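Comments concern the structure below.
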Amino acid sequence: MAPPAVPAHRLVPLLGSALETTPAYRGLADALRLLIADGRLPVGTRLPSERDLTAALGVSRTTVSSAYAALRDSGYLQSRRGSGSVTSLPGDATGSRARVAGSALRPGQDLDDADVIDLTCAAMPAPVGTIAAYEAAVAALPHHLGGTGYHPLGLPELREAVAARYTERGLATTPDQVMVTSGALAGIAVATRALLGAGDRVLVENPTYPNAIEAFRRAGARTVPLSVTAEGWDVPTAEATLRQTAPRAAYLVPDFHNPTGALMPEEQRAQLGAALAASHTVAIVDETMVDLAHDARLDLPRPFGAFHARTVTAGGASKSFWGGLRVGWVRAPRDVVASLLAARLTLDLGAPVLEQLAMLHLLDHRDEVLAHRREVIVTNRDAFVGELRKQLPQWRFHVPSGGLCLWVELPEALSTALCVAADRRGLVLAAGPQFGSDGAFERFIRLPFTGLPSERVADAVERLAAAWDEATTRRSTRGTRPPLVA
1 MAPPAVPAHR LVPLLGSALE TTPAYRGLAD ALRLLIADGR LPVGTRLPSE
51 RDLTAALGVS RTTVSSAYAA LRDSGYLQSR RGSGSVTSLP GDATGSRARV
101 AGSALRPGQD LDDADVIDLT CAAMPAPVGT IAAYEAAVAA LPHHLGGTGY
151 HPLGLPELRE AVAARYTERG LATTPDQVMV TSGALAGIAV ATRALLGAGD
201 RVLVENPTYP NAIEAFRRAG ARTVPLSVTA EGWDVPTAEA TLRQTAPRAA
251 YLVPDFHNPT GALMPEEQRA QLGAALAASH TVAIVDETMV DLAHDARLDL
301 PRPFGAFHAR TVTAGGASKS FWGGLRVGWV RAPRDVVASL LAARLTLDLG
351 APVLEQLAML HLLDHRDEVL AHRREVIVTN RDAFVGELRK QLPQWRFHVP
401 SGGLCLWVEL PEALSTALCV AADRRGLVLA AGPQFGSDGA FERFIRLPFT
451 GLPSERVADA VERLAAAWDE ATTRRSTRGT RPPLVA
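Residue numbers for the sequence shown follow our numbering, so the first one is 1 and each next one is one higher.
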């Protein structure tokens, strides 16, 4: 079977400002490495022929052939007879994207290098109380050892705790409306499998969480973009889009949206919920950031499911507590839970019992744990914002009221070039286009502010400023043509 191919006219918008680097072949090679590493060019994709890409870019054949040669030398491209040039990964081609994304432009180096600063992951170290949670889980484990350990819907006591929390927040929920999963993303994947088929349309915020986009694409669904900014959602446009396209599902992150940090107010939830109901569209709502308000006094809106009955809500431990605790859940109408369970049984038979017990302990102590979490988040946020305003005053961003990252607007559309330059300085970033589609958001960069201790923030932003200087300098000095005098 021939490998999937990306035509030249689709590849060019993804390259951003790559050719503004000097020499041009190096910028092209670096941009292609980044696209392969962050998944925008999946491994096994056939690139355009040198002739086709040369024509599309308007450069010399030597530029493209030299870039392809550099990719082959570093293991990111393989030439196959009859298949052309196919993307690959250096060494073991089955290696994880996360590992490669950090070392894509530094072949042979990994993210555990002590001097490397990784700003690709919006997450935090384990909070105070994690060890106590596991100790409590071990103490409770003997009670469960007499059973099989299989709980496809989850431990009853954890489902009760999750249901009680939704009810407390204003969405009446019973335990039979909850299914425990191996993380929020697993819940989204199960919902995708249960609700979407090849060719179905799904309304997706733009920008949004990249792994959700990938889940929908793998299901064969067609994404329909809905613009979101740091100021919020364009509900009238969403209503029109729903009427025109009648998508089967809509993926929403209304609580401290990833990556913009926006919080959808109740009025907009009601309007959008009514529009979804009118178009018979199921909402798949990602609530992974909902517990991360920066001010405990912030009056949060009710869950989106309170405004649209056909809502599947995914939540989990990874952002509120710890990414190493692979426990999440979905909350849905009872008939939908039955469909989710049927889809889930083809993937796994339940989340680990020990982790569910640890999650139960953390939920019982959530106020204490999240209060400490909030202090750390705000301290790091303020440090990051202060350094950005001092070292990169021309960058624009909105300081969110919750979440773990800043969505920064750059003065120029150089996100990919910035990532390439930053990587050379041991600073790993996720380019703006990774959060959109078809090359959008080249003028933006997502910057998590909780992935490193506050004392390293100044160093990180200093590297960021140096990388920006390189990206803009290379752009401004490349191949300036003399004016035409007539």
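Don't be surprised by glycine CBs; every beta carbon is placed ideally from N, CA and C. This structure is a prediction, so every number in the text was calculated from the model and none was measured.
Which of helix, strand or coil DSSP assigns to D469: Taking the first residue of the sequence shown as position 1, residue 469 is located at position 469. Helix at D469.
Cα-Cα separation between A133 and V253, rounded to whole angstroms: As a first step, residue 133 must be located in the sequence shown, where it is residue number 133. As a first step, residue 253 must be located in the sequence shown, where it is residue number 253. A133 and V253 have their C-alpha atoms spaced approximately 28 angstroms apart.
Contacts around V457, its chain only, beta-carbon distance under 6 angstroms, and the 5 residues preceding and following it disregarded: Translated into positions along the sequence shown, residue 457 becomes position 457. So the list reads A383, F384, E387, once near-sequence residues are dropped.
Inter-residue spacing [alpha-carbon to alpha-carbon] between N206 and D200: Position 206 of the sequence shown, counted from the first residue, corresponds to residue 206. Position 200 of the sequence shown, counted from the first residue, corresponds to residue 200. Rounded to whole angstroms, N206 to D200 spans 18 angstroms at the Cα level.
Option in Q391, W468, Q394, D52 with minimal Cα separation from L429: The residue labelled residue 429 in the question sits at position 429 within the sequence shown. It is W468 whose Cα lies nearest to the Cα of L429.
Residues bridged to W322 (per DSSP): Mapped onto the sequence shown, residue 322 falls at position 322. BP columns for W322 are empty, so no partner.
T45 in three-state terms, based on DSSP: Taking the first residue of the sequence shown as 1, we reach residue 45 at position 45. Residue state, collapsed to three classes: coil.
Beta-carbon contacts of P90 that lie in its chain and below 7 angstroms, excluding the five residues immediately before and after: To locate residue 90, count along the sequence shown from 1; it is residue 90. When the five nearest sequence neighbours on each side are left out, the beta carbons in the same chain lying within less than 7 angstroms of the beta carbon of P90 are those of S74, G75, Y76, P107, in order along the chain.
S74, DSSP secondary structure in three states: Counted from its first residue, the sequence shown places residue 74 at position 74. In this structure, S74 counts as helix in the three-state DSSP scheme.
Segments assigned alpha helix (DSSP H), at least 4 residues, entirely inside the segment 196-247: List check, alpha helix (DSSP H) in window: 210-218, 235-245.
Other residues of its chain near L153: CB distance less than 6 angstroms, five sequence neighbours each side excluded: By 1-based counting over the sequence shown, the position of residue 153 is 153. Here the set comprises M179.
Span separating the alpha-carbon of N211 from that of A31: Along the sequence shown, one-based indexing puts residue 211 at 211. Along the sequence shown, one-based indexing puts residue 31 at 31. Going from the Cα of N211 to the Cα of A31 covers about 21 angstroms.
Alpha-carbon spacing of V6 relative to L41, whole angstroms: Translated into the one-based positions of the sequence shown, residue 6 becomes position 6. Translated into the one-based positions of the sequence shown, residue 41 becomes position 41. C-alpha separation (whole angstroms): 8 angstroms.
Beta-bridge pairing of W395 - partner residues as DSSP gives them: Residue 395 sits at position 395 when you count from the first residue of the sequence shown. According to DSSP, which records beta bridges pairwise, W395 is partnered with nothing at all.
Contact check, V190 vs L347, beta carbons under 9 angstroms: For the purposes of this step, residue 190 is identified with residue 190 of the sequence shown, where counting begins at 1. For the purposes of this step, residue 347 is identified with residue 347 of the sequence shown, where counting begins at 1. One thing to note: V190 has its Cβ within 9 angstroms of the Cβ of L347.
Alpha-carbon to alpha-carbon, V408 and L145: As a position in the sequence shown, residue 145 is number 145, starting the count at 1. As a position in the sequence shown, residue 408 is number 408, starting the count at 1. Taking the straight line joining both Cα atoms gives about 50 angstroms.
Whether E231 touches H398 by CB criterion (9 angstroms): Numbered from 1 along the sequence shown, position 231 holds the residue referred to as residue 231. Numbered from 1 along the sequence shown, position 398 holds the residue referred to as residue 398. With contacts defined as CB atoms closer than 9 angstroms, E231 and H398 qualify as a contacting pair.
Nearest to T260 (by Cα), restricted to the options D176, R463, E50, G432: To locate residue 260, count along the sequence shown from 1; it is residue 260. Comparing alpha-carbon positions, the option among D176, R463, E50, G432 lying closest to T260 turns out to be G432.
DSSP three-state assignment for M179, whether helix, strand or coil: Stepping through the sequence shown from its first residue, residue 179 is reached at position 179. The answer is strand: DSSP assigns M179 an E or B state.
Inter-residue spacing [alpha-carbon to alpha-carbon] between L276 and P156: Start at 1 with the first residue of the sequence shown, and residue 276 comes out as number 276. Start at 1 with the first residue of the sequence shown, and residue 156 comes out as number 156. Taken atom to atom, the span from the alpha-carbon of L276 to that of P156 is near 31 angstroms.
At least three beta-carbon pairs within less than 8 angstroms, the segment 330-344 to the segment 116-135: The segment 330-344 makes no contact with the segment 116-135, as fewer than three CB pairs between them are under 8 angstroms.
Complete runs of the alpha helix (DSSP H) confined to the segment 345-433 [at least 4 residues]: The DSSP assignment places complete alpha helix (DSSP H) segments of no fewer than 4 residues inside the segment 345-433 at 353-364, 366-391, 415-423, in order along the chain.
First and last residue of the uninterrupted beta strand (DSSP E) at P448: Taking the first residue of the sequence shown as position 1, residue 448 is located at position 448. Looking at the DSSP string, the run of the beta strand (DSSP E) that includes P448 is 444-448.
Of the listed residues A139, E442, L447, L349, nearest to Y150 (C-alpha basis): What you label residue 150 is simply residue 150 of the sequence shown in a count that begins at 1. Of A139, E442, L447, L349, the residue nearest in Cα terms is L349.
Residues bridged to G149 (per DSSP): For this step, residue 149 is matched to residue 149 along the sequence shown. In the DSSP assignment, no residue is bridged to G149.
Beta-carbon proximity check, V369 vs G170, cutoff 9 angstroms: By one-based count along the sequence shown, residue 369 stands at place 369. By one-based count along the sequence shown, residue 170 stands at place 170. No, the pair does not count as a contact, with Cβ atoms beyond the cut-off.
Buried versus exposed, by CB contacts within 10 Å (16 or more), P303: As a first step, residue 303 must be located in the sequence shown, where it is residue number 303. Buried, because 16 or more other Cβ atoms sit within 10 Å of the Cβ of P303.
G273: first and last residue of the uninterrupted alpha helix (DSSP H) it sits in: Numbered from 1 along the sequence shown, position 273 holds the residue referred to as residue 273. Here the alpha helix (DSSP H) through G273 covers 266-278.
Nearest-angstrom Cα separation, counted from A422 out to A29: Taking the first residue of the sequence shown as position 1, residue 29 is located at position 29. Taking the first residue of the sequence shown as position 1, residue 422 is located at position 422. Rounded to the nearest angstrom, the two C-alpha atoms are 16 angstroms apart.
Cβ neighbour criterion (16 or more within 10 Å) applied to K390: Here residue 390 refers to the residue found at position 390 of the sequence shown. Around the beta-carbon of K390, fewer than 16 other beta-carbon atoms lie within 10 Å, marking it exposed.
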